[in-house]
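Residues 4 to 156 in the working numbering are what the sequence shown spells out, letter by letter. The C-beta atom is built at its ideal place from N, Cα and C for all residues, glycine as well. Below: the structure, in structure tokens.
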Amino acid sequence: MIRIPEAVVGFFDRQGFVIVSSIGKDGSINCSCKGIVSMDPVGKVFLLDLYLTRTFRNLKENPAISITNVDEHKFSGYCLKGKAKILPRDKIEPQLLKAWEDKITSRLTKRLLKNIHDEKGHARHPEVSLPKPEYMIEMDVEEIIDLTPRHLK
Numbered sequence: 004m005i006r007i008p009e010a011v012v013g014f015f016d017r018q019g020f021v022i023v024s025s026i027g028k029d030g031s032i033n034c035s036c037k038g039i040v041s042m043d044p045v046g047k048v049f050l051l052d053l054y055l056t057r058t059f060r061n062l063k064e065n066p067a068i069s070i071t072n073v074d075e076h077k078f079s080g081y082c083l084k085g086k087a088k089i090l091p092r093d094k095i096e097p098q099l100l101k102a103w104e105d106k107i108t109s110r111l112t113k114r115l116l117k118n119i120h121d122e123k124g125h126a127r128h129p130e131v132s133l134p135k136p137e138y139m140i141e142m143d144v145e146e147i148i149d150l151t152p153r154h155l156k
């Protein structure tokens, strides 16, 4: 586990979601969108996966994980690589569940405000229908890759 610089933590905090990559039994790569619940600068990332599907199955078999996010406007981004473990709901710390609920509330509020200002997005407000989390992914970060092209740093 390595320390995550504050600039990287801040970058991920500003993003709405990340792309999580895991590896299936057959060696194929699965990518899916997940929400970051919390990042601990000591090297831990907590991700919420609301559906017990491929990512869940893959991580139970193989803990290798990467999370990626980019800011297209700034032409920058990061990929964090490491190992994951599954935290069942009864092992999730209450403050992490509260942090997730706060993020969902914030996302819903932003979506409603944009709709009021005629910036139409998804009409059904999907955050309202998200299931309760059954588990959380705890990632120990082992490597940080800066995706910003060298000449732009």
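Put simply, the backbone Cα of residue 86 is about 8 Å away from that of residue 69. Note that the C-beta distance between residue 21 and residue 37 is below 7 Å. In chain order, 79 place their CB closer than 6 Å to the CB of residue 151, counting only its own chain and leaving out the 5 sequence neighbours on each side. The Cβ neighbour count for residue 4, taken over all protein chains shown within 10 Å, is under 16; the residue is labelled exposed. Pairing residue 35 with residue 71 gives a Cβ-Cβ distance that is not under 7 Å. According to the DSSP assignment, residue 62 belongs to the alpha helix (DSSP H) that extends over 57-64. Excluding the 5 residues flanking it on each side, residue 44 has same chain C-beta neighbours closer than 8 Å at 6, 7, 8, 9 and 12, in chain order. If you look at residue 12, you'll find it in the alpha helix (DSSP H) that goes 9-16.
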